[in-house]
Amino acid sequence: MKIDLYLIIMGGLMLEKVCNVSDVQEGSMKGFTVESRYILLSNVDGNFYAVDAVCPHAGGYLPIGKLENNIITCPVHGSTYDVSTGKLVKDVSFLLRIAIGGSRDLTSYKVSVKDESVFIEL
Ligand code: FES
Numbered sequence: 009m010k011i012d013l014y015l016i017i018m019g020g021l022m023l024e025k026v027c028n029v030s031d032v033q034e035g036s037m038k039g040f041t042v043e044s045r046y047i048l049l050s051n052v053d054g055n056f057y058a059v060d061a062v063c064p065h066a067g068g069y070l071p072i073g074k075l076e077n078n079i080i081t082c083p084v085h086g087s088t089y090d091v092s093t094g095k096l097v098k099d100v101s102f103l104l105r106i107a108i109g110g111s112r113d114l115t116s117y118k119v120s121v122k123d124e125s126v127f128i129e130l
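Sequential numbering of the sequence shown, starting at 9, is according to my numbering.
The structure is reproduced here in structure tokens:
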């Protein structure tokens, strides 16, 4: 059965359609707006991961950063995060932490793929 709905509710959980599987090629990432949230969707070795697209440090837009395997580098000050977990891997420099504070983990979202569509759980 093909799913054409953009929002489905399963067991009380809201699944929002982000895109089609073919929209984010393996080894790449893309930013989407889903229910007024900026989401970064990454395809790492055929697995999809979703995290906040805005860097919690100072608002850098992560989809224009650099993705290497499962690590995204913020384009503004260079913090790195694991897109598969949202965990902060490397914070900004010591001097920047002193000046304006450090970063923290990204919010991550559970992803599911059904009938060539990618959904996240909100
Ligand atoms: S805005 Fe991302 S590391 Fe500073």
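All C-beta atoms, glycine included, are put in the ideal place defined by N, C-alpha and C.
DSSP places Ala61 in no alpha helix (DSSP H); its state is neither H nor E. The stretch 23 to 99 is shown to contain whole beta strand (DSSP E) runs of 3 or more residues at 37 to 42, 45 to 52, 55 to 60, 74 to 76, 79 to 81, 88 to 90 and 96 to 98, in chain order. Counting C-beta atoms within 10 angstroms of its own C-beta, Met22 has fewer than 16 neighbours from the protein chains shown and is therefore classed as exposed.
About 12 Å separates the CB atoms of Val42 and Thr115; that is not less than 8 Å, and the two are not in contact.
Closer than 7 Å to some heavy atom of the ligand FES: that describes the Cβ of Ala66.
Ser120 and Ser101 have their C-alpha atoms some 35 Å from each other.
Secondary structure of Leu114 (DSSP, three-state): coil. The shortest CA-to-CA distance from Ile106 to any of Tyr69, His65 and Arg45 is the one to His65. Taking non-hydrogen atoms of the ligand FES into account, the C-beta of Gly86 is found less than 7 Å away from one of them. Shown here for Phe40: same chain residues with a beta carbon closer than 7 Å to its own, the five before and five after excluded, namely Val26, Cys27, Ile47 and Leu49 in chain order.
In the three-state DSSP reduction, Leu130 falls in the coil class, being neither helix nor strand.
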